[in-house]
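Numbered continuously in our numbering, the sequence shown closes out at residue 194.
Note that the Cβ used here is the ideal one computed from N, Cα and C, for glycine as well.
What follows is a single structure, written as structure tokens, with notes after it.
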Amino acid sequence: MKRNIILFLIMLCGFVFQTTLFQSLSFGGISPNILIIITVTYGFMYGGKYGMVVGFLCGLLMDIFYGSVLGFYALVYLYIGAANGVFHSIFYQDDIKLPLVLIFVSDFVYTFICYVLLYLLRGRFDFLYYLKYIMIPEVVYTIFVTVVIYPIILFLNRTIDDGERGDNKVV
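The structure is reproduced here in structure tokens:
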């Protein structure tokens, strides 16, 4: 129960930071994708099902407040969370290289899917422009922010795990 409350607060804070603070700290109109960081992190920490739920809820937040079609972002985030759950078996808490690579790839895939489904199907064919000025800067900015946010999420989850292990001890 405590884990779910903390997760909900992390998602809510991530959404608020992504849509307010980091919008004002954007570089050339590019801001980091905090919800991808949260989705990917929970996906590979706890497995595909947990990643799917977190991804769906993060995407639903984006759909409700910023989406033109309800369910588009929820579905994209859901698939990203599920795909990162595959790496749960090789997850090692103290290694930050795997999370950085997974977040890099996931954010790139997310921006590519958004380009294809939101721009390419409308006849906007300038992929190199989108790649150079939108996709790569967003992925790089997200990776820089990941270096700060990932240890915080990891610390919160370790604290909850230690508390749950302490509650299960028999005296």
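For the pair Gly70 and Gly108, the CB atoms are nearer than the 8 Å cut-off.
Counting C-beta pairs closer than 8 Å gives fewer than three between the segment 38-52 and the segment 95-104, which falls short of the contact rule. Within the segment 101-161, the complete alpha helix (DSSP H) segments at least 4 residues long are 120-137, 150-153, listed from N- to C-terminus. With contacts defined as CB atoms closer than 8 Å, Phe79 and Leu101 qualify as a contacting pair. Between Pro55 and Tyr164, the CB-CB gap stays under 8 Å. A straight line joining the alpha-carbon of Gly186 with that of Ser129 spans about 31 Å.
Within the model, the alpha-carbon separation for Tyr138 versus Gly90 is close to 14 Å. Where Gly82 is concerned, the enclosing alpha helix (DSSP H) starts and stops at 71-89.
Pairing Thr64 with Tyr173 gives a Cβ-Cβ distance under 8 Å.
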